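If you count the sequence shown from 1, you need to add 87 to reach my numbering. Okay, so here's the structure we're looking at.
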Amino acid sequence: MIKCTRLENGLRVMTDEMQNIHSINIGIWIKVGARHELFHEHGLAHMLEHMAFKGTETRSARDIAEQIENVGGMMNAYTGREQTAYFMRAMHEHAELCTEILGDILQNSTFDEEEIEREKGVIIQEIGECEDNPDDLLFDSLGESCYPQQSLGRNILGTRETVMNMSREALFDYIKRHYTPENMIFAASGKITHEKMLDLAHKYLQFPSRPAGTVTVPSRWGGGVNLLQKDLEQLHMALALPGLSYSDNDFYISEVYSMLYGGGMSSRLFQEIREKKGLVYSISSFTSNLEDGGSFGIYAGTDPEQAYEVLDSSITEMEKLANHTHQQEVDRAKAQLRSGLVMGLESPVGRSEALVKQHFIFGRQITTEEMMNAIDDVTCDDIRSFSARLLRSGKAAYCVLGNIEHIDTESQERLARFLPN
Numbered sequence: 088m089i090k091c092t093r094l095e096n097g098l099r100v101m102t103d104e105m106q107n108i109h110s111i112n113i114g115i116w117i118k119v120g121a122r123h124e125l126f127h128e129h130g131l132a133h134m135l136e137h138m139a140f141k142g143t144e145t146r147s148a149r150d151i152a153e154q155i156e157n158v159g160g161m162m163n164a165y166t167g168r169e170q171t172a173y174f175m176r177a178m179h180e181h182a183e184l185c186t187e188i189l190g191d192i193l194q195n196s197t198f199d200e201e202e203i204e205r206e207k208g209v210i211i212q213e214i215g216e217c218e219d220n221p222d223d224l225l226f227d228s229l230g231e232s233c234y235p236q237q238s239l240g241r242n243i244l245g246t247r248e249t250v251m252n253m254s255r256e257a258l259f260d261y262i263k264r265h266y267t268p269e270n271m272i273f274a275a276s277g278k279i280t281h282e283k284m285l286d287l288a289h290k291y292l293q294f295p296s297r298p299a300g301t302v303t304v305p306s307r308w309g310g311g312v313n314l315l316q317k318d319l320e321q322l323h324m325a326l327a328l329p330g331l332s333y334s335d336n337d338f339y340i341s342e343v344y345s346m347l348y349g350g351g352m353s354s355r356l357f358q359e360i361r362e363k364k365g366l367v368y369s370i371s372s373f374t375s376n377l378e379d380g381g382s383f384g385i386y387a388g389t390d391p392e393q394a395y396e397v398l399d400s401s402i403t404e405m406e407k408l409a410n411h412t413h414q415q416e417v418d419r420a421k422a423q424l425r426s427g428l429v430m431g432l433e434s435p436v437g438r439s440e441a442l443v444k445q446h447f448i449f450g451r452q453i454t455t456e457e458m459m460n461a462i463d464d465v466t467c468d469d470i471r472s473f474s475a476r477l478l479r480s481g482k483a484a485y486c487v488l489g490n491i492e493h494i495d496t497e498s499q500e501r502l503a504r505f506l507p508n
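And the structure:
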């Protein structure tokens, strides 16, 4: 029941009909994110996302909030590395109101100077909140190590200085360059028909047709060791190796591998490093994928004096997987991945997100059957080969946050020399 139509102005309209429910998730996704900012625009994509809800030519910020919440709906937005989204969740009978408001905020926002100054203060508070959060600090630092001197490696929020220097003209210029119908998908999952979506698009989304000025600078992997001092009880650690793009032939192998290696309580990392050795409370692996690259990583929280042992044990498990993998653990990882995929696609939010991402990256829908088959096709040999690929993939990025003075000098030197170049 998934349908897609491209309008004359280039806007794609996509519908995922779920007639057995009574709600919809409806929104506009733009294929532009923080990685597309110019050097002096750090944080601008995120600022624009905030400002879209701060008033239009006919609605105040309060009007926007009250009109959607008066019907029991909710609205949200996010800025990612490669895309930005504005979406609403409501009962299906309010699809027209949601579309009207989406069209209004993306076509008629006024960016009032007073609202801009006020929102700068809000974002400064958001930056402060992230600075108080060890995970945010750690992964911001990891991003800078993975992609040094690139917009891709910078945090999405910006800095206090860049936020305070943002202007009304810069917001309008950013919209003109990037918020073009060729860069947009208007999509909904839930109780709605494709014909209804087309009617709403024609009525409320009259974006002028113009070429997008979005330029994607190819990612360049960096790597290196970054030790950050902060007075914390635990030492927070993150290791990243060059990973895969969404279109890499080994994409599904990497997903199964990550689940097996560090994706749950039965994973290698959890069983060996927490359960057997008692070195951590929390440890896991993760994948971060882009259109042209990505990273594979490990996160752990531990005592400063155990930092090297945790890293050494984690890499040892990777080396073991390159030599021997049990069929049972591969099957278990595939079962976990399949279940997570299916459960995610039972939600209108998850379905619309997945559908839009697939069309942005591949230009088509990737069916659930295709994904399930790709997961089922992963073998023990694939897992071993992928582990070996990771170990020779290039210079790693390794970041540590906490009381680093409690790491003895010898361990710091060993950490710095440990990682592959």
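For every residue, glycine included, the Cβ atom is placed at its ideal position computed from N, Cα and C. This one's a predicted model, so the numbers in the text were calculated from it and none came from an experiment.
**OP:** Could you tell me the boundaries of the beta strand (DSSP E) in which LEU326 lies?
**Re:** In the sequence shown, the residue the question calls residue 326 occupies position 239. Residues 322 to 329.
**OP:** Express the C-alpha separation of ARG479 and GLN293 in angstroms, rounding to a whole number.
**Re:** Residue mapping note: residue 293 aligns to position 206 of the sequence shown, counting from 1. Residue mapping note: residue 479 aligns to position 392 of the sequence shown, counting from 1. Spanning the two alpha carbons is a distance of roughly 50 Å.
**OP:** Identify which residue in LEU244, PHE273, ILE203 and ARG168 has its Cα closest to the Cα of GLY190.
**Re:** Locating residue 190 in the sequence shown gives position 103, where the first residue counts as 1. The shortest C-alpha separation from GLY190 is found at PHE273.
**OP:** Rank SER334, GLY310, HIS446 and ILE262 by C-alpha distance to the C-alpha of GLU124 and give the top, closest one.
**Re:** Residue 124 sits at position 37 when you count from the first residue of the sequence shown. Minimum Cα distance to GLU124 is reached at ILE262.
**OP:** Could you tell me which of SER254, ALA121, VAL119 and ASN163 sits nearest to CYS185, measuring between CA atoms?
**Re:** Within the sequence shown, the letter at position 98 stands for residue 185. For CYS185, the nearest C-alpha among the options comes from ASN163.
Original post:
Got a sec, what are the start and stop residues for the alpha helix (DSSP H) ALA152 sits in?
Top reply: Taking the first residue of the sequence shown as 1, we reach residue 152 at position 65. Its alpha helix (DSSP H) spans residues 148 to 156.
Original post:
Apart from the five residues just before and just after PHE473, which ones in its own chain have a Cβ nearer than 8 Å to its Cβ?
Top reply: Counting from one through the sequence shown, the residue named residue 473 turns up at place 386. Contacts found: ASP337, ILE340, SER341 and TYR344.
Subject >> Segment limits, beta strand (DSSP E) that includes LYS90 >> reply: Residue mapping note: residue 90 aligns to position 3 of the sequence shown, counting from 1. 89 to 93 is the span of the beta strand (DSSP E), which, as asked, contains LYS90.
**OP:** Write down every uninterrupted run of the beta strand (DSSP E) in the region 165 to 203 whose length is 3 residues or greater and which is fully enclosed by it, in chain order.
**Re:** 171 to 178
**OP:** Throw me the rounded Cβ distance for the HIS493 and GLU392 pair, which I believe falls under 8 Å.
**Re:** Here residue 493 corresponds to residue number 406 of the sequence shown, with the count starting at 1. Here residue 392 corresponds to residue number 305 of the sequence shown, with the count starting at 1. Rounded, the Cβ-Cβ distance is 6 Å, consistent with contact.
**OP:** Determine, using beta carbons only, whether ALA177 and LYS283 come nearer to each other than 8 Å.
**Re:** Position 90 of the sequence shown, counting from 1, holds the residue named residue 177. Position 196 of the sequence shown, counting from 1, holds the residue named residue 283. Against a cut-off of 8 Å, the Cβ pair of LYS283 and ALA177 comes out as no contact.
**OP:** For HIS289, count neighbouring C-beta atoms within 10 Å of its own C-beta (all shown protein chains included) and say buried if the count is 16 or more, exposed if not.
**Re:** The residue given as residue 289 occupies position 202 in the sequence shown. That one is exposed.
**OP:** Mind checking who ALA461 pairs with in its DSSP beta bridge?
**Re:** If you number the sequence shown from 1, residue 461 lands on position 374. According to DSSP, which records beta bridges pairwise, ALA461 is partnered with nothing at all.
Original post:
How should HIS323 be labelled, buried or exposed, when 16 other C-beta atoms within 10 angstroms of its C-beta is the threshold for buried?
Top reply: Reading the sequence shown from its first residue, position 236 is the one you call residue 323. Buried, because 16 or more other Cβ atoms sit within 10 Å of the Cβ of HIS323.
**OP:** Measure the C-alpha to C-alpha separation of ASN112 and VAL436 and round it to an integer number of angstroms.
**Re:** Taking the sequence shown and counting its residues from 1, one reaches residue 112 at position 25. Taking the sequence shown and counting its residues from 1, one reaches residue 436 at position 349. ASN112 and VAL436: Cα-Cα distance of roughly 6 Å.
Subject >> Whole-angstrom distance between GLU169 and GLY130, CA atom to CA atom >> reply: Working through the sequence shown from its first residue, we reach residue 130 at position 43. Working through the sequence shown from its first residue, we reach residue 169 at position 82. Whole-angstrom Cα-Cα distance: 13 Å.
Original post:
For ALA387 versus ALA484, is the C-beta spacing smaller than 8 Å?
Top reply: Taking the first residue of the sequence shown as position 1, residue 387 is located at position 300. Taking the first residue of the sequence shown as position 1, residue 484 is located at position 397. Going by C-beta atoms, ALA387 is not nearer than 8 Å to ALA484.
Subject >> CB contact flag (ALA139, SER196, <8 Å) >> reply: Stepping through the sequence shown from its first residue, residue 139 is reached at position 52. Stepping through the sequence shown from its first residue, residue 196 is reached at position 109. In this structure, SER196 lies closer than 8 Å to ALA139 by Cβ.
**OP:** Please state whether DSSP places LEU244 in a helix, a strand or coil.
**Re:** Here residue 244 refers to the residue found at position 157 when the sequence shown is read from its first residue. Three-state result, LEU244: coil.
**OP:** Report all residues from its chain with a CB closer than 8 Å to the CB of LEU442; omit the five preceding and five following residues, and keep chain order.
**Re:** Taking the first residue of the sequence shown as 1, we reach residue 442 at position 355. Same-chain partners within the cutoff: ILE89, MET101, ASP103, ALA274, SER276 and GLN452.
Subject >> Start and end residues, alpha helix (DSSP H) containing ALA121 >> reply: The residue labelled residue 121 in the question sits at position 34 within the sequence shown. Run containing ALA121: none; DSSP gives neither H nor E here.
Subject >> Within the region 258 to 317, ranges of the alpha helix (DSSP H) (whole runs, at least 4 residues) >> reply: 281 to 291
**OP:** Give every residue of the same chain whose Cβ lies closer than 7 Å to the Cβ of PHE226, excluding the five residues on either side of it in the sequence, and list them in chain order.
**Re:** In the sequence shown, residue 226 corresponds to position 139, counting from 1. These residues qualify, in order along the chain: ALA325.
Original post:
Between the Cα of LYS364 and the Cα atoms of GLU204, GLU457 and ASP399, which residue gives the shortest distance?
Top reply: For the purposes of this step, residue 364 is taken as the residue at position 277 of the sequence shown. Comparing Cα-Cα distances from LYS364 to each of GLU204, GLU457 and ASP399, the minimum goes to ASP399.
**OP:** Could you tell me the distance, in whole angstroms, from the CA atom of SER228 to the CA atom of LEU285?
**Re:** Residue 228 sits at position 141 when you count from the first residue of the sequence shown. Residue 285 sits at position 198 when you count from the first residue of the sequence shown. Their Cα atoms are separated by approximately 44 Å.
Original post:
Are there 16 or more other CB atoms within 10 angstroms of the CB of ALA152, so buried, or fewer, so exposed?
Top reply: As a position in the sequence shown, residue 152 is number 65, starting the count at 1. Exposed is the call here.
Original post:
How should GLY489 be labelled, buried or exposed, when 16 other C-beta atoms within 10 angstroms of its C-beta is the threshold for buried?
Top reply: What you label residue 489 is simply residue 402 of the sequence shown in a count that begins at 1. Burial call: buried.
Original post:
How is ASN410 classed by DSSP in three states: helix, strand or coil?
Top reply: Within the sequence shown, numbered from 1, the residue matching residue 410 stands at position 323. It is helical.
Original post:
Measuring CA to CA, which of ASP463, VAL487, LYS482 and THR455 is closest to ASP418?
Top reply: Translated into positions along the sequence shown, residue 418 becomes position 331. The candidate whose alpha carbon is nearest that of ASP418 is ASP463.
**OP:** May I have a chain-ordered list of the beta strand (DSSP E) segments no shorter than 3 residues that lie completely inside the region 317 to 405?
**Re:** 322 to 329, 367 to 376 and 381 to 389
Subject >> VAL465, buried or exposed, once every other Cβ within 10 Å from all chains shown has been counted against 16 >> reply: In the sequence shown, the residue the question calls residue 465 occupies position 378. Counting Cβ neighbours within 10 Å, VAL465 comes out buried, since at least 16 surround it.
Original post:
What's the C-alpha gap between ASP468 and ILE360?
Top reply: Indexing the sequence shown from 1 puts residue 468 at position 381. Indexing the sequence shown from 1 puts residue 360 at position 273. Cα-Cα distance, rounded: 24 Å.
**OP:** List the DSSP bridge partners of GLY489.
**Re:** If you number the sequence shown from 1, residue 489 lands on position 402. Partner(s): GLN316.
**OP:** State the DSSP-derived secondary structure class of GLU416, mapped to helix, strand or coil.
**Re:** Within the sequence shown, the letter at position 329 stands for residue 416. Looking at GLU416 - three-state DSSP - the assignment turns out to be helix.
Original post:
Secondary structure at ASN107, three-state DSSP: helix, strand or coil?
Top reply: Position 20 of the sequence shown, counting from 1, holds the residue named residue 107. The answer is coil: DSSP assigns ASN107 none of H, G, I, E or B.
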